[in-house]
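Asks: Residue numbers (the UniProt record's numbering): 1 to 274. Note that CB positions come from ideal geometry on N, CA and C, so glycine has one too. Let me begin by handing over the structure; questions about it come next.
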Amino acid sequence: MARIEEVLELEQIDRDIYRGAPIETILQRTFGGQVAGQSLISAVRTVDPEYTVHSLHAYFLRPGKPKIPTVYRVERIREGRSFCTRRVNALQDGEIIFVMSASFHRGDKGPEHMDEMPPVPKAEDLPDSADAAEFRDRWELKEWSNWDLRIIPGDQTEMHPRLAAQQRVWMRYRAPLPDDQTTHVCTLAYMSDMMLLGSALVPHRGVKVQMASLDHAMWFFQPFRADEWLLYDQTSPFSGSGRSLTQGRIFDAQGNMVAAVVQEGLTRWLQEQG
Numbered sequence: 001m002a003r004i005e006e007v008l009e010l011e012q013i014d015r016d017i018y019r020g021a022p023i024e025t026i027l028q029r030t031f032g033g034q035v036a037g038q039s040l041i042s043a044v045r046t047v048d049p050e051y052t053v054h055s056l057h058a059y060f061l062r063p064g065k066p067k068i069p070t071v072y073r074v075e076r077i078r079e080g081r082s083f084c085t086r087r088v089n090a091l092q093d094g095e096i097i098f099v100m101s102a103s104f105h106r107g108d109k110g111p112e113h114m115d116e117m118p119p120v121p122k123a124e125d126l127p128d129s130a131d132a133a134e135f136r137d138r139w140e141l142k143e144w145s146n147w148d149l150r151i152i153p154g155d156q157t158e159m160h161p162r163l164a165a166q167q168r169v170w171m172r173y174r175a176p177l178p179d180d181q182t183t184h185v186c187t188l189a190y191m192s193d194m195m196l197l198g199s200a201l202v203p204h205r206g207v208k209v210q211m212a213s214l215d216h217a218m219w220f221f222q223p224f225r226a227d228e229w230l231l232y233d234q235t236s237p238f239s240g241s242g243r244s245l246t247q248g249r250i251f252d253a254q255g256n257m258v259a260a261v262v263q264e265g266l267t268r269w270l271q272e273q274g
């Protein structure tokens, strides 16, 4: 599979217009995290370096075609003293497949608090999921072989009894990445779409559904490295009417909450299940 540096390497074809080359994949549709990461790097390129991204909100409008390029058009919506905003349209064959709004902040001082990381085994104490017999055949591990993903078994972590669906995964990019924070933020935007919608199916093992990301929102709180261990604490508070809501909190190995994610996705019965 392509390295993340290749995924995030876009060609500038005009002012505020970028193009992403096709990326090798086993998927029939372009991975949503790829479009999100490329949209974000496009937006970042139009912003002064003193601003850092703190949130993004996006909709997946059409399935992406993995064998053709994607063009990203950035609109400079707002230039403020503390905040600036960008809107990105991702296009294939002249049609918009994805839209994103991203907000950037220069940073200020204010009250501070954060959730505690849930008690989990250290990543180093868990087997690489690519080598674990119970996970070896999962398509996610084949598609993202450049990522070290360690799924935490439910009996090795403290699950909340009142939450409908929960899943926890340690993840990191296997190879060292450059030190600039933009690379790590855009890599996490890519990674954040991995396995998140699957948390909605934890109570429904073995069912056959059509799955697709519908929208995606992220908030970035503190600096982090995507090539070091990050805990993805995933929950799904509701599933019904063929859609599922999923949420994720992302912590570094020291217990700092570095990002949060919310996504609604399609989880529709395949035809043979009625």
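Less than 8 Å between the beta carbons of SER236 and LEU230, yes or no?
Replies: Your numbering for residue 236 matches position 236 in the sequence shown. Your numbering for residue 230 matches position 230 in the sequence shown. No; because the gap between Cβ atoms is not below 8 Å, this pair is not in contact.
Asks: So ALA58 and ASP193 are supposed to be a Cβ contact under 8 Å. How far apart are they, rounded?
Replies: Reading the sequence shown from its first residue, position 58 is the one you call residue 58. Reading the sequence shown from its first residue, position 193 is the one you call residue 193. Actually they are not in contact, since the Cβ atoms of ALA58 and ASP193 sit about 10 Å apart, beyond 8 Å.
Asks: Using a 10 Å radius around the Cβ and a threshold of 16 neighbouring Cβ atoms, would you call VAL207 buried or exposed?
Replies: Sequence index remark: in the sequence shown, residue 207 carries index 207 (1-based). When all chains shown are included, VAL207 counts as exposed.
Asks: Helix, strand or coil: which one does DSSP assign to GLY110?
Replies: For the purposes of this step, residue 110 is taken as the residue at position 110 of the sequence shown. Reduced to three states, the DSSP call for GLY110 is coil.
Asks: My output table needs one value for PRO203: the three-state DSSP class, helix, strand or coil.
Replies: Position 203 of the sequence shown, counted from the start, is the residue given in the question as residue 203. Reduced to three states, the DSSP call for PRO203 is helix.
Asks: To the nearest angstrom, how far is it from the Cα of GLN273 to the Cα of GLN181?
Replies: Position 273 of the sequence shown, counting from 1, holds the residue named residue 273. Position 181 of the sequence shown, counting from 1, holds the residue named residue 181. Only weak support exists for where GLN273 lies, its pLDDT of 48 falling under 50; the value from the coordinates is given anyway. Taking the straight line from one Cα to the other gives about 45 Å.
Asks: If you count every other CB in all the chains shown that lies within 10 Å of the CB of TRP269, and 16 or more means buried, which is it?
Replies: Translated into positions along the sequence shown, residue 269 becomes position 269. Looking at its Cβ environment, which holds fewer than 16 other Cβ atoms inside 10 Å, TRP269 is exposed.
Asks: Considering only the beta carbon of each residue, do SER199 and GLN167 sit closer than 8 Å?
Replies: As a position in the sequence shown, residue 199 is number 199, starting the count at 1. As a position in the sequence shown, residue 167 is number 167, starting the count at 1. It is a contact, given that the beta carbons lie within the stated cut-off.
Asks: Under a three-way DSSP split, which group does SER103 fall into?
Replies: In the sequence shown, the residue the question calls residue 103 occupies position 103. SER103 falls in the strand class under three-state DSSP.
Asks: Please tell me whether GLU75 and ARG87 are closer than 8 Å, where the distance is taken between their beta carbons.
Replies: In the sequence shown, counting from the first residue as 1, residue 75 sits at position 75. In the sequence shown, counting from the first residue as 1, residue 87 sits at position 87. Yes; because the gap between Cβ atoms is below 8 Å, this pair is in contact.
Asks: Pair every Cβ in the segment 87-104 with every Cβ in the segment 32-46, then say whether three or more of these pairs are closer than 8 Å.
Replies: These segments touch.
Asks: How do the segment 5-16 and the segment 59-66 stand: do at least 3 beta-carbon pairs fall below 8 Å, yes or no?
Replies: At 8 Å Cβ cutoff, the stretches do not touch.
Asks: Alpha carbon to alpha carbon, what distance is there between PHE98 and LEU56?
Replies: Locating residue 56 in the sequence shown gives position 56, where the first residue counts as 1. Locating residue 98 in the sequence shown gives position 98, where the first residue counts as 1. The alpha-carbon atoms of LEU56 and PHE98 are separated by roughly 13 Å.
Asks: Return the first residue and the last residue of the beta strand (DSSP E) that SER42 is part of.
Replies: Taking the sequence shown and counting its residues from 1, one reaches residue 42 at position 42. Unbroken run through SER42 is the alpha helix (DSSP H), 32-44; no beta strand (DSSP E).
Asks: Determine the extent of the beta strand (DSSP E) in which ILE4 is found, giving its start and end residues.
Replies: For this step, residue 4 is matched to residue 4 along the sequence shown. Here ILE4 belongs to no beta strand (DSSP E); instead the alpha helix (DSSP H) covers 4-7.
Asks: Examine chain D for any beta-carbon lying closer than 8 Å to the beta-carbon of ALA189, and answer yes or no.
Replies: Although the question refers to chain D, the structure presented lacks it and comprises just one protein chain.
Asks: Going by DSSP, name the residue or residues bridged to GLN156.
Replies: On the sequence shown, residue 156 is found 156 positions in, with the first residue counted as 1. The partner list for GLN156 (beta bridge, DSSP) is empty, contrary to what the question assumes.
Asks: Report the three-state DSSP secondary structure of LEU188 (helix, strand or coil).
Replies: Residue mapping note: residue 188 aligns to position 188 of the sequence shown, counting from 1. Note: LEU188 maps to helix in three-state DSSP.
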